[in-house]
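Everything below concerns the one structure shown next.
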Amino acid sequence: MNTLNYINEAETQLKNEEFYRPLPSDLTETLKKKLHELLQNQNPDIQSAIKDLIPPYSTPSRFFTLPKIHKLKTIFQERFPDVEHTDIIRSTRLNNMDPPGRPIVSGTGTLTEYISAFVDGHLQTILPKLPTLLQDTNDFLRKLNNVDILPKGPMLVTLDVKSL
């Protein structure tokens, strides 16, 4: 994917008002002040613990996309249904076809980075204890094997997350 196509894909996604909206300015400092105000209303023990979760310097989050190269075969087959081709990546490049991008918003260096790590660390000790947690496909299959009796005519359903 050339740079211009990459930028066009990112801009197309950012223009989707269902998921994104432009802000009038960088709100990092405003949010930082609000966090400090919330902190002042807590008891001193909590204040000292939370204070370390607010970084002295932070930046806005960064948006980028990762190409969904696994979608190339479908894109090629939709455009050329009668053509059978084994080298999909080469074929899509020759026909100027690019994969859609998976949107990523990086929180590294942002105001909430330390808070996110703190919450994630605590969730990592709690989540494995939940019987409803499915870690991956193999975990699902192991749990399915442990089901003694399924009702007559069960229907298994799968979901795919379109965008995180």
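The sequence shown begins at 1 in my numbering and counts up by one.
Glycine included, every Cβ here is placed at the ideal spot set by N, Cα and C.
With a threshold of 16 other beta carbon atoms within 10 Å, P99 meets it and is buried. Taking a contact to require three or more Cβ pairs closer than 8 Å, the stretch 111-119 and the stretch 51-66 qualify as touching. L159 sits in coil when the DSSP states are folded into three classes, being neither helix nor strand. Pairing G107 with Y57, the inter-Cα distance amounts to about 13 Å.
Ranking T12, E78, I104, N146 by CA distance to the CA of F64 puts I104 first.
For T65, the uninterrupted beta strand (DSSP E) run begins and ends at 62-67, by DSSP. DSSP links P103 through a beta bridge to T65. Assigned with DSSP and collapsed to three states, V119 falls in helix. Residue burial annotation: G101 is buried, with at least 16 other C-beta atoms found within 10 angstroms of its C-beta. For L27, the closest alpha carbon among the candidates P60, G109, G153 is that of P60.
In the three-state reduction of the DSSP assignment, T137 falls in the helix class, which pools H, G and I. The DSSP-derived three-state label of I54 is coil.
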